[in-house]
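For reference, the structure discussed in these notes is given below.
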Amino acid sequence: MDLNDLKDISIISASIFSIIGGSIAVPKTLYEIAKLREEKSRERKSRIHAKQIDAIVPLYIALEKCFHYYQQMTKPYIFEGEKTEEYPALLSSALSESRKQFMLSRLFLPPDVEETVDAFVNKIIEGQVFLEEFKRLDKLNKHHDPRYMKFDAENYWNKAENVSFTDLPPILQALKRRAREIIHDELG
Numbered sequence: 028m029d030l031n032d033l034k035d036i037s038i039i040s041a042s043i044f045s046i047i048g049g050s051i052a053v054p055k056t057l058y059e060i061a062k063l064r065e066e067k068s069r070e071r072k073s074r075i076h077a078k079q080i081d082a083i084v085p086l087y088i089a090l091e092k093c094f095h096y097y098q099q100m101t102k103p104y105i106f107e108g109e110k111t112e113e114y115p116a117l118l119s120s121a122l123s124e125s126r127k128q129f130m131l132s133r134l135f136l137p138p139d140v141e142e143t144v145d146a147f148v149n150k151i152i153e154g155q156v157f158l159e160e161f162k163r164l165d166k167l168n169k170h171h172d173p174r175y176m177k178f179d180a181e182n183y184w185n186k187a188e189n190v191s192f193t194d195l196p197p198i199l200q201a202l203k204r205r206a207r208e209i210i211h212d213e214l215g
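Using my numbering, read the sequence shown as starting at 28 and increasing by one per residue.
Here it is in structure tokens:
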């Protein structure tokens, strides 16, 4: 049943209502009631859409910062004067910011976005574990501890690099694509 069917029914109901002698200040036709409901529903969807945009933009920016700092930590080169020791603290701060944004916006985001954000953060954490293990083994190698081979340390570095340059980019790209879909949705 669509609005045109309701219009026909509403004319009959309005006639019956006026025959009975009703004079209440309400919409007189089912068509008007349905139209009012549709308008309220559209307003509600519009408010939710605005909240989704307000939620996803700062969240995406925070996650992009995490990605940037993690890549800086795992790139195979260092520029002269670059302070690489600052990156772990900057990454930690960016992760904190993204966690805060995610907690504030979680209820407004579609479940698939929530899953993508979780996958992204889990990959960053996995990469951090690889980096820490690399640092630990590399330190032992520098002290010539015979129990640890240089190969083990390099293996963890390769895993951390793989997370940074292979695993994270498609996840962030999927999140960006989905964010654009949400932003440009026409409430359809």
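Glycine included, every Cβ here is placed at the ideal spot set by N, Cα and C.
Check                                                                                                                       : Outcome
Sub-8 Å separation of TYR114 and MET100 beta-carbons                                                                        : yes
Three-state secondary structure assigned by DSSP to PHE161                                                                  : helix
Spatially closest choice to PRO103 from TRP184, SER125 and LYS62, by CA coordinates                                         : TRP184
Run of the alpha helix (DSSP H) containing PRO243, from where it starts to where it stops                                   : Outside the modelled stretch of the chain, which goes from 28 to 215, sits residue 243, for which no answer is possible.
Any chain D beta carbon closer than 8 Å to TYR183                                                                           : In the structure shown, chain D does not exist; there is a single protein chain.
Chain-order list of residues whose beta-carbon lies under 6 Å from that of GLN79 (same chain, five-residue window excluded) : PHE135 and ILE209
Exposure of ALA116, with buried meaning 16 or more beta-carbon neighbours within 10 Å                                       : exposed
Supposed close pair PHE147, LEU199 - CB separation, criterion 8 Å                                                           : 6 Å
Alpha carbon of ASN189 to alpha carbon of PHE94, nearest angstrom                                                           : 13 Å
At least three beta-carbon pairs within less than 8 Å, the stretch 79 to 91 to the stretch 52 to 71                         : no
Three-way DSSP call (helix, strand, coil) for LYS62 in this model                                                           : helix
Same chain, Cβ closer than 7 Å to GLU153, five either side skipped, listed in chain order                                   : VAL190
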